[in-house]
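Participant: In the numbering used here, the protein residues as written are 3 to 362. Yeah, the Cβ is synthetic: ideal placement off N, Cα and C, and Gly gets one too. Right, I'll just put the structure down here and ask away after.
This is the structure we're talking about:
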């Protein structure tokens, strides 16, 4: 990753030789708009909320999006299939993603061929800032908190902290739209939802070990739900198959689902309750009106918790847990929590909340 960073700095020094004009907004009717939305599912869900307003503001513009393959399903019914471009190489999280220079260049070449006139970078990393500048887009909107890399945008928006992630994208949309938008105004579109709904859908994987509720606790919850006659589906990405099987194997009425995101969404839409940690499906479930129980420890739900009418947040009382203006706890995010912060979120408490939601 150090080599990748050096490559990026080289690109930056090269680009700074050009005299970019800053604080210039695009013309009233740009011909093509490219949205760079290469974060995780929950972030991307909130990033795309302003697309209808852009479509209304620029009715004659072609709007394209560059996003991660696992987020493609979020744009169904919002943008034409041919306007959804996929990449795994515009990095949003150096801790969990690897940088492939050759693939990055291929993706860049495809975006250059689009010839976008306006680009909005929601990914907010040095990787995406350099990528955005090299697309050739004349007008580029991005955040101002990336240091020297922010100089690669022609219009920089102040990155306000201490707000929920649903509000952050508005900082990039506002210069163009000039008004507040209702959130969420888009909910995931589900085609052919499963006819037989599952009682409880569990999403145990959360990306970081430090915010992952213990698998053995999830399993005891699944066993207790099964004894009460409820059906359970434990879901995650293909990489989380072993984790899901650890929870579901041998539990009556429990199944495992680690297929496509579209398949996950079909089941989630028909579920009665969603149980998860701090992860993208919790945001989708809450937006669709599915009762959602989310367990938080290493992150602050004031900034990244699911929003909805039927959401319950369960929090650890550990003093290391982030509160107030702090978003993350101070422990190593890549390792399981050494302080056993989840011990004061017993499975009995989670089960009680789940049963109340099921009977509500």
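By DSSP, does residue 123 sit in helix, in strand, or in coil?
Facilitator: strand
Participant: Kindly indicate which residue of 227, 198, 309, 225 has the alpha-carbon position closest to the one of residue 273.
Facilitator: Between residue 273 and the set 227, 198, 309, 225, the nearest pair of CA atoms involves 198.
Participant: Tell me which same chain residues have a C-beta within less than 8 angstroms of the C-beta of residue 86, skipping the five on either side of it?
Facilitator: 66, 67, 69, 74, 77
Participant: Use the C-beta contact count for residue 165: other C-beta atoms within 10 angstroms, 16 or more gives buried, fewer gives exposed.
Facilitator: exposed
Participant: What's the C-alpha gap between residue 264 and residue 83?
Facilitator: 15 angstroms
Participant: Buried or exposed for residue 350, please, with buried defined as at least 16 other CB atoms from any protein chain shown within 10 angstroms of its CB.
Facilitator: exposed
Participant: Using the C-alpha atoms, what's the distance from residue 249 back to residue 359?
Facilitator: 21 angstroms
Participant: How many whole angstroms separate the CB atoms of residue 41 and residue 49, which I take to be in contact at a CB cut-off of 8 angstroms?
Facilitator: Going by Cβ atoms, the distance from residue 41 to residue 49 rounds to 7 angstroms, so yes, they are a contact pair.
Participant: State the beta-bridge partners of residue 35 as determined by DSSP.
Facilitator: 65, 120
Participant: Roughly how many angstroms separate the alpha carbons of residue 120 and residue 135, rounded to a whole number?
Facilitator: 11 angstroms
Participant: Tell me the rounded alpha-carbon separation between residue 115 and residue 35.
Facilitator: If I take the Cα positions, the gap works out to 13 angstroms.
Participant: What is the rounded straight-line gap between the Cα of residue 123 and the Cα of residue 255?
Facilitator: 44 angstroms
Participant: Taking the alpha-carbon positions, what's the residue 52 to residue 212 distance?
Facilitator: Those two C-alpha atoms are separated by around 32 angstroms.
Participant: For residue 295 and residue 209, what's the separation of their Cα atoms in angstroms?
Facilitator: When rounded, the distance between both Cα atoms is 18 angstroms.
Participant: Which residues mark the beginning and the end of the alpha helix (DSSP H) in which residue 359 is found?
Facilitator: 349 to 361
Participant: For residue 148 and residue 126, which I take to be in contact (beta-carbon distance under 8 angstroms), what is that distance rounded to the nearest angstrom?
Facilitator: 7 angstroms
Participant: In the DSSP assignment, find the alpha helix (DSSP H) that holds residue 161 and state where it starts and stops.
Facilitator: Here residue 161 belongs to no alpha helix (DSSP H), and DSSP marks it neither H nor E.
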